[in-house]
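Positions 1 to 126 (full-length UniProt numbering) are the ones given, in order, by the sequence shown. Where a beta carbon is used, it is the ideal one built from N, C-alpha and C, also for glycine. Data block below; observations after.
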Amino acid sequence: MADITTLPVMTAADAESIGFARFNDVPTLPVDIPDGNFTITAKTSDGRRVTFFFGEHKRGAPPSFVDIQYHDHGANIANANGGISPTFEMLTIGLGGRQVFDSRKLDADDKPSIAVILLGEPSRQE
1 MADITTLPVM TAADAESIGF ARFNDVPTLP VDIPDGNFTI TAKTSDGRRV TFFFGEHKRG
61 APPSFVDIQY HDHGANIANA NGGISPTFEM LTIGLGGRQV FDSRKLDADD KPSIAVILLG
121 EPSRQE
């Protein structure tokens, strides 16, 4: 098992003061993610489940992407591995709060089943 450090829940300001990113002024749980593949799973008080898979590009390297999956929306689609995956609704927010992507406008077969965040340097459009 990978060595992982989970710190206690703290204020967003305290998390920021020890090098973590700050997002909203709410209780914050900072987690050091180890190199290699790693999943964090979370559940709300009413049972809704979400997972965050931190994936490596090369074996043993720091993760280069995060796959996010919500497991309890109630709809499924076929996945690339011959199984089924849950779908969910998703928004992305850009400049000035503009909703750049809104999955609620999509047909059922086009709903996302995994949201992927790339952990590389931002691309620049020139």
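- In the three-state scheme derived from DSSP, where H, G and I count as helix and E and B as strand, R104 is classed as helix.
- In terms of Cα proximity to I114, the closest of E121, R98, H57, E89 is E89.
- In the DSSP assignment, D67 falls outside any alpha helix (DSSP H) and within the unbroken beta strand (DSSP E) covering 63-70.
- Our two residues, L118 and F38, have alpha carbons roughly 15 Å apart in a direct line.
- When the beta-carbon positions are compared, T6 and V31 come within less than 7 Å of each other.
- Beta-bridge pairing by DSSP links V116 to D67.
- Note: E56 is bridge-paired with P63 in the DSSP secondary-structure output.
- Membership of A42 in the beta strand (DSSP E) is indicated by the continuous run 38-43.
- G60 and E121 have their C-alpha atoms roughly 20 Å apart.
- Less than 7 Å separates the beta-carbon of G55 from that of P63.
- T44 has its alpha-carbon roughly 18 Å from the corresponding atom of T87.
- Judged by DSSP in its simplified three-state form, A78 adopts strand.
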